[in-house]
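Asks: Residue numbers (the working numbering): 1035 to 1487.
Dropping a structure here in structure tokens format, bear with me for questions.
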């Protein structure tokens, strides 16, 4: 009997266009099958899991290029960042790619008309395993009313921001694995779908921190710091964030609005919680919208950051993460076996404010069970919040002390009961720094990581 050796097994050669995969983008901006526009993308079309994985990555690459092309047409440009210009064995080290409005690349001091003009800046940071400019692949091709290419990617927010005069920074906190073969950082999905060594005539080079991590962008927290410090701090748009930086007058100070998801949001909060960071950024941060974040509020150390989250920030979570079912109870008369009957759960409207003290801020529900789809599902509401903050600031412009927007009081529901407040203060004996730990850092509350499609 003949056995095919692994090195003789060829890798599949896949198309490079959506049409080659029998897919197309319809006039209503949805991903559908070319032969039947009523059908969505199908993952399992082969018996071999490897072929399904390669096919999905090929389609993702087509979608990445399509989204990138549309974002570049909106005035963004690609910028490659690294914490240091390191050279390893004569080869320049890796860099992470982000998207930035062109006007932010010119230092503020070199733009005479910007010295007294208010600059509004929108920051976008995706979840883990999300490619540059994309919130969720599931929302790109889904069948929900909000699923579309624009909503599943960051095109929706960038279009809104550019149309209303914002400058935009799109972070890349979901794709931090550097692949020298392609010269950019990728997600875990792309890494697993890379060509096997026998397909390219060489041995498989194992993971190496010196090659596969970008200096200064090793995790979401460091990536957020790199983006903020390099693009806003060093360019002079937020001069007070630099150590020893000049104190900027209230007039002409930039206003920063944040929309972040998952581990991108957690990385941002962890960065701001480090000693002195939030105090430096506090004069600039205005709106703070976070989708399905993964941090523990009681583990934060900065009191001023906690106050900001409680007063100004808004978190948006999936309906599947609102409640944790109680453990099974031993029932009498059943022979001592464990039986579990889930309690009735109230139905929450899409975007309804609810009670949940995990993140220390106002919480809103999203009509989706997938955490990566929260921001695409509530895009209109999140942008309405950003717009409301800006309108309030423009109305209060010139007020003493740099007034901050505060979320209005609202009645919320907790398991069907109306309560008076969204916020639950931690007790004195809870202490700080006792939350869940990840790599030595509090990194969430046990939320389960999802994985795109």
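All C-beta atoms, glycine included, are put in the ideal place defined by N, C-alpha and C.
Fair warning: this is a prediction, and the values are worked out from it, not measured in the lab.
Taking 8 Å as the threshold, find out whether the segment 1402-1409 comes into contact with the segment 1339-1353 through three or more Cβ pairs.
Replies: yes
Asks: If we count the other Cβ atoms within 10 Å of its Cβ and call it buried at 16 or more, is residue 1452 buried or exposed?
Replies: The sequence position of residue 1452 within the chain shown is 418, counting from 1. Here residue 1452 scores only 35 on pLDDT, less than 50, and its place in the model is too uncertain to base an answer on.
Asks: Does DSSP classify residue 1152 as helix, strand or coil?
Replies: Taking the chain shown and counting its residues from 1, one reaches residue 1152 at position 118. Residue state, collapsed to three classes: coil.
Asks: How should residue 1106 be labelled, buried or exposed, when 16 other C-beta atoms within 10 angstroms of its C-beta is the threshold for buried?
Replies: As a working note, residue 1106 is residue 72 in the chain shown. Under this definition residue 1106 is an exposed residue.
Asks: Sort 1068, 1046, 1199, 1057 by Cα distance to residue 1421 and report the nearest one.
Replies: Mapped onto the chain shown, residue 1421 falls at position 387. Among 1068, 1046, 1199, 1057, the Cα nearest to that of residue 1421 belongs to 1199.
Asks: Give, in chain order, every unbroken run of the beta strand (DSSP E) that is at least 3 residues long and sits entirely within the segment 1048-1136.
Replies: 1057-1059, 1065-1067, 1110-1115, 1130-1135
Asks: Work out the CA separation of residue 1293 and residue 1323 for me, nearest whole Å.
Replies: For this step, residue 1323 is matched to residue 289 along the chain shown. For this step, residue 1293 is matched to residue 259 along the chain shown. Using only the alpha carbons, I get a separation of about 5 Å.
Asks: State the DSSP-derived secondary structure class of residue 1171, mapped to helix, strand or coil.
Replies: Position 137 of the chain shown, counted from the start, is the residue given in the question as residue 1171. Note: residue 1171 maps to helix in three-state DSSP.
Asks: If you run the structure through DSSP and keep just helix, strand and coil, what is residue 1196?
Replies: Start at 1 with the first residue of the chain shown, and residue 1196 comes out as number 162. Of the three classes helix, strand and coil, the one that applies to residue 1196 here is helix, per DSSP.
Asks: If distances are taken between C-alpha atoms only, which option among 1319, 1320, 1344, 1321 comes closest to residue 1331?
Replies: Numbered from its first residue, the chain shown carries residue 1331 at position 297. For the options 1319, 1320, 1344, 1321, the alpha carbon positioned closest to that of residue 1331 is the one of 1344.
Asks: Please report the residue range of the alpha helix (DSSP H) in which residue 1302 lies.
Replies: Translated into positions along the chain shown, residue 1302 becomes position 268. Looking at the DSSP string, the run of the alpha helix (DSSP H) that includes residue 1302 is 1296-1307.
Asks: So, helix, strand or coil for residue 1204, using DSSP?
Replies: By one-based count along the chain shown, residue 1204 stands at place 170. In the structure shown, residue 1204 sits in a strand (DSSP, three-state: E or B).
Asks: What ranges does the beta strand (DSSP E) occupy inside the segment 1305-1329, keeping only unbroken runs of at least 3 residues that lie completely in it?
Replies: 1319-1325
Asks: Hey, quick one: how far does the beta strand (DSSP E) through residue 1348 stretch, first residue to last?
Replies: Locating residue 1348 in the chain shown gives position 314, counting from the first residue. It spans 1348-1352 - the beta strand (DSSP E) in which residue 1348 sits, taken as one unbroken run.
Asks: Would you list the one or two residues that DSSP bridges to residue 1290?
Replies: Mapped onto the chain shown, residue 1290 falls at position 256. Its beta-bridge partners are 1155, 1319.
Asks: Please state whether DSSP places residue 1218 in a helix, a strand or coil.
Replies: Against the chain shown, residue 1218 aligns to sequence position 184. Residue state, collapsed to three classes: strand.
Asks: Is it the case that the Cβ atoms of residue 1415 and residue 1394 are separated by a distance below 7 Å?
Replies: Along the chain shown, read from residue 1 onward, the residue named residue 1415 stands at position 381. Along the chain shown, read from residue 1 onward, the residue named residue 1394 stands at position 360. Their beta carbons are not under 7 Å apart, which means residue 1415 does not touch residue 1394 by this criterion.
Asks: Determine the DSSP secondary structure at residue 1439, reduced to helix, strand or coil.
Replies: Stepping through the chain shown from its first residue, residue 1439 is reached at position 405. If DSSP states are grouped into helix, strand and coil, residue 1439 belongs with coil.
Asks: Per DSSP, what kind of secondary structure is residue 1162 in: helix, strand or coil?
Replies: Within the chain shown, the letter at position 128 stands for residue 1162. Residue state, collapsed to three classes: coil.
Asks: Mind reading off the beta-carbon distance from residue 1320 to residue 1423? Whole number of angstroms is fine, and I expect it under 8 Å.
Replies: Locating residue 1320 in the chain shown gives position 286, counting from the first residue. Locating residue 1423 in the chain shown gives position 389, counting from the first residue. Between residue 1423 and residue 1320 the Cβ distance is about 5 Å, and since that is below 8 Å, they are a contact.
Asks: Run through DSSP, which three-state label would residue 1393 get?
Replies: Here residue 1393 refers to the residue found at position 359 when the chain shown is read from its first residue. Note: residue 1393 maps to coil in three-state DSSP.
Asks: Residue 1064: buried (16+ other C-beta within 10 angstroms of its C-beta) or exposed?
Replies: If you number the chain shown from 1, residue 1064 lands on position 30. It counts as buried.
Asks: Looking at the strands, I want to know which residues DSSP matches up with residue 1400.
Replies: On the chain shown, position 366 is the one that residue 1400 refers to. Beta-bridge annotation (DSSP): residue 1400 is paired with 1352.
Asks: Pull up the distance between the alpha-carbon of residue 1219 and that of residue 1113, whole angstroms please.
Replies: Mapped onto the chain shown, residue 1219 falls at position 185. Mapped onto the chain shown, residue 1113 falls at position 79. Between residue 1219 and residue 1113, the C-alpha separation is close to 13 Å.
Asks: Is residue 1265 helix, strand or coil when you go by DSSP?
Replies: Locating residue 1265 in the chain shown gives position 231, counting from the first residue. Correct three-state label for residue 1265: helix.
Asks: Might you give, ordered along the chain, the residues of its own chain that have their beta carbon closer than 8 Å to the beta carbon of residue 1463, omitting 5 neighbours on each side?
Replies: What you label residue 1463 is simply residue 429 of the chain shown in a count that begins at 1. Per-residue confidence for residue 1463 stands at a pLDDT of 44, beneath the threshold of 50, marking its modelled position as unreliable; the derived number appears in the next sentence. Result list for residue 1463: empty, nothing under 8 Å.
Asks: According to the Cβ coordinates, are residue 1046 and residue 1097 closer than 7 Å?
Replies: By 1-based counting over the chain shown, the position of residue 1046 is 12. By 1-based counting over the chain shown, the position of residue 1097 is 63. Not in contact: residue 1046 and residue 1097 (Cβ atoms no closer than 7 Å).
Asks: Quick one: what's got a C-beta closer than 8 Å to residue 1339's C-beta in the same chain, skipping five residues either side?
Replies: Sequence index remark: in the chain shown, residue 1339 carries index 305 (1-based). Taken in chain order, the residues that qualify are 1303, 1306, 1307, 1312.
Asks: Can you tell me where the alpha helix (DSSP H) holding residue 1410 begins and where it ends?
Replies: Counting from 1 along the chain shown, the entry for residue 1410 is found at position 376. Residues 1408-1411.
Asks: With a threshold of 6 Å, establish whether the CB of residue 1272 neighbours any heavy atom of the ligand PLP.
Replies: What this structure holds is no ligand at all, so the ligand PLP is not there to describe.
Asks: How many Å lie between residue 1173 and residue 1188 at the Cα?
Replies: Here the question's residue 1173 lines up with position 139 in the chain shown. Here the question's residue 1188 lines up with position 154 in the chain shown. Cα to Cα, the separation comes out at about 11 Å.
Asks: Could you have a look at residue 1334 and say whether DSSP puts it in helix, strand or coil?
Replies: In the chain shown, counting from the first residue as 1, residue 1334 sits at position 300. Coil.
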